[in-house]
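Per my numbering, residue 23 is the first one in the sequence shown, and the count goes up by one each step. Notes follow once the structure below has been shown.
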Amino acid sequence: MVQKDVNENSIVLSVLKSMYSQFSSCVKLPNGLTEYYDCNIDTKQGCVSLTIIFALYINDLVTHLKRHCGSGVFVSNQVEEIEGLIFADDIATVAETVVKLQTQINIIY
C-alpha cells in the first residue's frame with residue numbers, strides 16, 4: 023500500500039525500490055559467514071529509510087481504516103472521533119462494536 027499522492031516515478035520511490043530490489047544478506051557465525059541469500063521482504067535493520075517507508079505506510083493505513091471501518095469512538099465534544107492510537111511502530115485500534123474492531127484487525131493483519 024503506497025500513498026496515492028506519491029508519484030510512481032518519484033525520486034524517493036525510485037531510490038527505495040532500488041535499495042530493496044536486489045537486497046541480499048548473510049549470517050555471521052563463529053566459523054565465518056554463511057552464503058548470501060535473497061531478502062525480498064522486510065527492511066534492512068537500522069536503515070534510516072525505514073522512517074520514510076513507515077510514514078508512507080501508516081498514513082495510508084489510517085486513511086484506509088477510516089474509509090472501510092466507518093466512524094471511530096466518541097471521546098468528547100473537544101476531540102474528533104478516534105479510530106486508533108499510533109506511536110512509533112505500534113498501533114492500538116478502537117471501535118464501538120466487535121464487528122468494527124474485527125474489520126480493523128482484518129485490514130491490519
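Just so you know, even glycine gets a beta-carbon here, dropped at the ideal spot from N, CA and C. Small disclaimer: the values here were computed from a predicted structure and weren't measured.
Same chain only: Cβ atoms within 7 Å of residue i, ignoring 5 sequence neighbours per side
i      : result
Cys-61 : Phe-45, Ser-46 and Ser-47
Phe-96 : Glu-103
Tyr-58 : Ser-46, Ser-47 and Cys-48
Within 8 Å, strictly: CB atoms of residue i and residue j
i       : j       : result
Leu-78  : Ile-129 : no
Thr-115 : Glu-105 : yes
Ile-74  : Val-49  : no
Start and end residues, beta strand (DSSP E) containing residue i
i       : result
Ala-114 : 112-115
Phe-96  : Looking at the DSSP string, Phe-96 is not in any beta strand (DSSP E), and its letter there is neither H nor E.
Ile-108 : 106-109
Residue range of the alpha helix (DSSP H) that includes residue i
i       : result
Ile-129 : 120-130
Ala-33  : Note that residue 33 is Ile in the sequence shown, not Ala. 33-43 is the span of the alpha helix (DSSP H), which, as asked, contains Ile-33.
Whole-angstrom C-beta distance between residue j and residue i, which should lie under 8 Å
i       : j       : result
Ile-80  : Ile-108 : 6 Å
Phe-76  : Asp-111 : 6 Å
Gln-126 : Cys-91  : 5 Å
Nonlocal neighbours in the same chain, by C-beta distance under 6 Å from residue i, ignoring five residues either side
i       : result
Leu-55  : Cys-48
Asp-27  : Interpretation of Asp-27 is limited by its pLDDT of 48, a score under 50 that renders its predicted location unreliable; the figure taken from the coordinates is listed afterwards. The answer is none, since no qualifying residue turns up.
Leu-123 : Ala-117
Own chain, CB closer than 8 Å to residue i, minus 5 neighbours either side, in chain order
i      : result
Leu-38 : Ser-71, Ile-74 and Ile-75
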